[in-house]
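Visitor: The structure that follows is given in the form of structure tokens.
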Amino acid sequence: MAKVSSFEEYLNRLFSPLRFPQNHHLARKGHSAGLSFIGASTSAFYLPLSFPPSSPNLASTDDIEDIASCALHTNLLGEHVGHEWGVGRVVVWQPSIPSNKSLQDKTDLEVLRAAGLYKIQGETIQAIMGAVYHQHGASVAHRVFHTRLLPHILVKGGLPKQFHKDVESICARMGGPDGPLLLVEDETQKVESLSS
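The opening residue of the sequence shown carries number 865 in my numbering; numbering runs sequentially from there.
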């Protein structure tokens, strides 16, 4: 049996019962740009599904691209989702901290923030979403986005307050923040379609 990496264990635990294969060789070398791109694109696609055109909270003047850009900003994802998911404990990153006298009065968190911690964690969140999409498909990635990611960006600077009820409603319909990521009927339908 192959040795399970700590990042693989982390993903398997974070998104149980989903299972992830051993890290791709490029990911072990710290390269996750492809998965990050997929995750960012997937998230930008799923966000507008949280407030359909029929939503009374969506005004004709609302710029959905601008809303998505702010709500899914890497620093915001890193600070809020990264914290909730515990990304900082598993990501391999060495901050580049200048030996600047102005940093001496700052706390450790302020120093890490200045060095790009939230940006790195945000890109890791995007890569994780890309990995979910790549490994488990659009349906599972959609559920992860609406139940595990989106509820954590209902914060100041994140998704505008007028959309919070829409997001909470969708999350509740999907089983809440701990709802199932795999649906039994999805698996039954796959088996039935294969046997047809």
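Heads up, the beta-carbon is just placed ideally off N, CA and C, and yes, glycines get one too. Just so you know, these numbers come straight off a predicted model, no measurement behind them.
Sorted by chain position, which residues of the same chain lie with C-beta nearer than 6 Å to serine 896's C-beta, five sequence neighbours on each side aside?
Guide: Answer for serine 896: Ala991, listed in chain order.
Visitor: Assign serine 880 to buried or exposed, taking buried as 16 or more other Cβ atoms, counted over all protein chains shown, within 10 Å of its Cβ.
Guide: Classification for serine 880: exposed.
Visitor: Excluding the 5 residues preceding and the 5 following threonine 1011 in the sequence, name in chain order all residues of the same chain whose CB lies nearer than 6 Å to its CB.
Guide: The answer, listed in chain order, is Cys1035, Met1038, Pro1041 and Gly1043.
Visitor: With a CB to CB cut of under 7 Å and the five nearest residues on each side skipped, what residues in its chain are close to alanine 1005?
Guide: The answer, listed in chain order, is Thr906, Met993, Val996 and Tyr997.
Visitor: Taking the beta carbon of serine 1003 as the centre, do at least 16 other beta carbons fall within 10 Å, making it buried, or is it exposed?
Guide: So serine 1003 ends up on the exposed side.
Visitor: When you compare each of Ser919, Val955 and Ser870 to tyrosine 982 by their alpha carbons, which one comes out closest?
Guide: Out of Ser919, Val955 and Ser870, Val955 has the C-alpha closest to the C-alpha of tyrosine 982.
Visitor: Return the CA-CA distance between cysteine 1026 and asparagine 921, expressed in angstroms with no decimal places.
Guide: According to the sequence shown, residue 1026 is glutamine rather than cysteine. Those two C-alpha atoms are separated by around 6 Å.
Visitor: Quick check for students: name the residue ranges of the alpha helix (DSSP H) that lie wholly in the stretch 990–1029, counting only runs of 4 or more.
Guide: Complete alpha helix (DSSP H) runs here, min 4: 1002–1008.
Visitor: Would you please state the rounded distance, in angstroms, between the beta carbons of histidine 944 and isoleucine 1017? I believe it to be under 8 Å.
Guide: At roughly 6 Å, the Cβ-Cβ gap stays under 8 Å, so histidine 944 and isoleucine 1017 are in contact.
Visitor: So within the stretch 898–936, which uninterrupted alpha helix (DSSP H) runs reach at least 4 residues, ignoring any that extend past its ends?
Guide: Correct list: 928–935.
Visitor: Is valine 955 helix, strand or coil by DSSP?
Guide: Note: valine 955 maps to coil in three-state DSSP.
Visitor: If you drop the 5 nearest sequence neighbours on each side, which residues of the same chain put their C-beta closer than 6 Å to that of leucine 911?
Guide: Once the five neighbours on either side are set aside, the close Cβ partners of leucine 911 are Ala932.
Visitor: What separation, rounded to the nearest whole angstrom, lies between the Cα atoms of phenylalanine 901 and leucine 941?
Guide: When rounded, the distance between both Cα atoms is 14 Å.
Visitor: Indicate the three-state DSSP secondary structure (helix, strand or coil) for leucine 878 in the structure shown.
Guide: Leucine 878: helix per DSSP, three-state reduction.
Visitor: If you reduce the DSSP assignment to three classes, tell me which class glycine 986 lands in.
Guide: Three-state DSSP puts glycine 986 in a helix.
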